[in-house]
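Structure first, commentary second.
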Amino acid sequence: MAKARPKSIHSRAARRAASPSLDVDKSLTSLPRAENTVIQRDSVLNERTNAGVSKKSKAKAKTRAQRLRQQKGIERAEIVYAQLEKKVAKSVSRAKNVKSRRSDWEALNRNVSGSMFEALQERDDDTNLDDAMVDVSGAPETKKRTSKPAKVTQNPVAGHHADIDVDDDIT
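Residue numbers for the sequence shown follow the numbering used here, beginning at 16 and rising by one.
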């Protein structure tokens, strides 16, 4: 008969035996879980990264092509930044314009009392009163200037074209 091997600690049976029993006290399960509080101090982490002896390193001199490429990139970035500033300024001015128009409408709506129908009736009543109170014996009325239509001249168009004489030859 073969030797009985000892039970491996990583085996399924060993893990099942190590699992907590089902007879756990219910008061333990109802308690809130402990929160994992991690306190990170940046100062300690910074010291850790800067620890040790390090040699000062100088930046290598760039080649002419690298320098020109970097210069071109910086100039392009400045141009883009200037364009962005212009766009932001335009947007802010548009927003101010919209806001001012909105405030005008809000003030107008506050000033209008009642419905539009009532306002129209009041205006209608006012015009009727004005007509009744007109003094005819006063100053003579001035004529309103009206524009006269411009005279249009028409060129008469011949309704019938002259026939071409075949007998008359041009020499």
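We treat Cβ as the ideally placed atom computed from N, Cα and C, and that holds for glycine. Predicted model only: the values in this text are computed from it and were never measured.
In this structure, the straight-line span from the alpha carbon of A49 to that of A66 is close to 34 Å. Straight-line spacing of the CA atoms in S72 and K22 works out to 58 Å. In the displayed model, E50 falls within coil according to three-state DSSP, outside both helix and strand.
Judged by beta-carbon spacing, Q85 lies within the 9 Å limit of K77, meaning their Cβ atoms are closer than that value. The three-state reading of DSSP puts S26 in coil, since its state is none of H, G, I, E or B.
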